[in-house]
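Just so we're aligned, residue 193 is where the sequence shown starts under my numbering, counting upward by one.
Here's the structure, in structure tokens; my notes come after.
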Amino acid sequence: MDGLTIFMCGDVMTGRGVDQILPHSGDPTLREPVVTDARTYVELAEAANGPIPVPVDFGWPWGEALGVLDEFAPDARLLNLETAVTTTSDFAPNKAIHYRMHPDNIECLTAARPDVCVLANNHTLDFGADGLADTVRVLAGAGIPCAGAGLDAEQAHRAAITATDGARVICVAAGMTSSGIPSSWAVTENRAGVAFASDMSERTAKEIADRALALKRSGDVAVASLHWGSNWGYGIDSGQRHFAHHLIDAGIDVVYGHSSHHPRPIEVYRGKLILYGCGDLVNDYEGIGGYQAYRGELRLMYFASIDPADGRLIALRMVPMREARMRLQRAARDDVRWVRATLENTSRAFGTRVETEAGGVLAVRAS
193 MDGLTIFMCG
203 DVMTGRGVDQ
213 ILPHSGDPTL
223 REPVVTDART
233 YVELAEAANG
243 PIPVPVDFGW
253 PWGEALGVLD
263 EFAPDARLLN
273 LETAVTTTSD
283 FAPNKAIHYR
293 MHPDNIECLT
303 AARPDVCVLA
313 NNHTLDFGAD
323 GLADTVRVLA
333 GAGIPCAGAG
343 LDAEQAHRAA
353 ITATDGARVI
363 CVAAGMTSSG
373 IPSSWAVTEN
383 RAGVAFASDM
393 SERTAKEIAD
403 RALALKRSGD
413 VAVASLHWGS
423 NWGYGIDSGQ
433 RHFAHHLIDA
443 GIDVVYGHSS
453 HHPRPIEVYR
463 GKLILYGCGD
473 LVNDYEGIGG
483 YQAYRGELRL
493 MYFASIDPAD
503 GRLIALRMVP
513 MREARMRLQR
523 AARDDVRWVR
533 ATLENTSRAF
543 GTRVETEAGG
553 VLAVRAS
């Protein structure tokens, strides 16, 4: 694609069952209302789609997605990491679900060569401040910048900058209560935590945008990553839409939203891309019942081509994937049709059309 190409995806959860199939599985103990052993999620996946050759190699959870990344060769790769990378057992209180991956499994992340791991989400502090400190340390040791959480406000609010040939991608991140982030997780000057957006006002949008614009040079692309909204459903309330518009009005070029377990509508506003919810990409939800109508096993990889001269969208191409045996594979033709029709139907109110290109790639073009 022409312009600067950014890969984005929704939640990447390499803990719990995924961690258990990797070479250095950690303590499987869980404190969930029903499941107390992470290996149960491996058993559910195997019951649904067949045996998993445990231990798998580090690239297994990504499967055919690694080849897709090589094919599209994006200039920058952004993902939302919904897993603490730690061995601590300091379970956050008053939470039903906790995700952690053993630090020795960090190659499961580096296999996809991310340029930024967003940490502004509702699982970053699943194992407290020590778990967050471990996560930041392990990511730094692997050469992966993070955005949206840190040991103090300066670190959490700091933009992650990805250098490309010429233009740069500047990523800032924030999370909201609507995604399940407790307000008590908000970072302060003296307390580790998440870059927290307490409301969806124009003022808050400007504060987030200003963190990127303070560093933005001519030809750079500014991305605002938001962890917001519920896990299920296609509706976008007026507050979310206005907030996304405020961010772009304030100078952001791409709004990169996530938290939903399935893709949500897409909008092009003033020529700039808004992804209201990218859905999941990697997780251990296979075989869990409920919400089948949303086809949670189907995932999307987003490749946005942005004109660095003005930040406007040239084209968005999306590759549908399907998870089976905790491994991603290219979606079948019928699945591609279902994803396209669903995206088209849910995005129609935003003036967005979704086309199908050769090879089962979906596309949105700037109007």
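Yeah, the Cβ is synthetic: ideal placement off N, Cα and C, and Gly gets one too.
Treat the numbers as computed from the prediction; the structure is a model and nothing was measured.
Residue closest to residue i, alpha-carbon to alpha-carbon, out of the options
i, options, result
"PHE283", "GLY251, GLY333 and THR316", "THR316"
"ARG231", "TYR468, VAL210 and ALA384", "VAL210"
"ALA558", "ARG545, ALA436 and ALA414", "ARG545"
"ALA341", "LEU311, ILE298, ASP357 and ASP318", "LEU311"
"ARG519", "LEU222, ALA240 and GLU224", "ALA240"
"THR275", "MET493, LEU418, LEU331 and ALA366", "LEU331"
"ALA351", "ARG383, SER371, CYS309 and GLY543", "CYS309"
"ALA384", "ALA321, GLY431, LEU492 and VAL528", "ALA321"
"TYR233", "PRO215, THR206, GLY255 and HIS216", "THR206"
"PRO337", "SER422, GLY551, ASP429 and ALA365", "ALA365"
In DSSP terms, what residue i is bridged to
i, result
"GLU547", "ALA555"
"LEU324", "Answer is none; LEU324 lacks a bridge partner."
"PHE388", "GLY367"
"PRO512", "LEU492"
"VAL204", "LEU273 and VAL474"
"ILE466", "VAL447 and GLU459"
"LEU418", "ALA366 and GLY449"
"CYS338", "CYS309"
"ILE289", "Bridge partners of ILE289: none, in fact."
"ALA268", "ILE198"
"VAL528", "DSSP output for VAL528 lists no bridge partner at all."
Any non-hydrogen atom of the ligand GDP closer than 7 Å to residue i Cβ
i, result
"LEU520", "Of the ligands one can find in the structure shown there are none, so the ligand GDP has no counterpart to examine."
Whole-number beta carbon distance between residue j and residue i, since they are thought to touch under 8 Å
i, j, result
"CYS300", "PHE250", "5 Å"
"TYR477", "GLY488", "6 Å"
"VAL204", "VAL511", "Not a contact, Cβ separation roughly 16 Å."
"TYR494", "HIS454", "Their Cβ separation, rounded to whole angstroms, is 14 Å, which puts TYR494 and HIS454 out of contact at 8 Å."
"PHE319", "THR278", "5 Å"
DSSP-derived helix/strand/coil call for residue i
i, result
"HIS434", "helix"
"LEU196", "strand"
"PRO455", "strand"
"ARG409", "coil"
"LEU520", "strand"
"GLY218", "coil"
"SER375", "helix"
"VAL226", "coil"
"LEU236", "helix"
"SER497", "strand"
"VAL248", "coil"
"THR354", "strand"
Residue i, buried or exposed, once every other Cβ within 10 Å from all chains shown has been counted against 16
i, result
"VAL226", "exposed"
"ALA265", "exposed"
"ARG525", "exposed"
"SER451", "buried"
"THR380", "exposed"
"PRO285", "exposed"
"GLU549", "exposed"
"TRP420", "buried"
"ASP262", "exposed"
"TRP424", "exposed"
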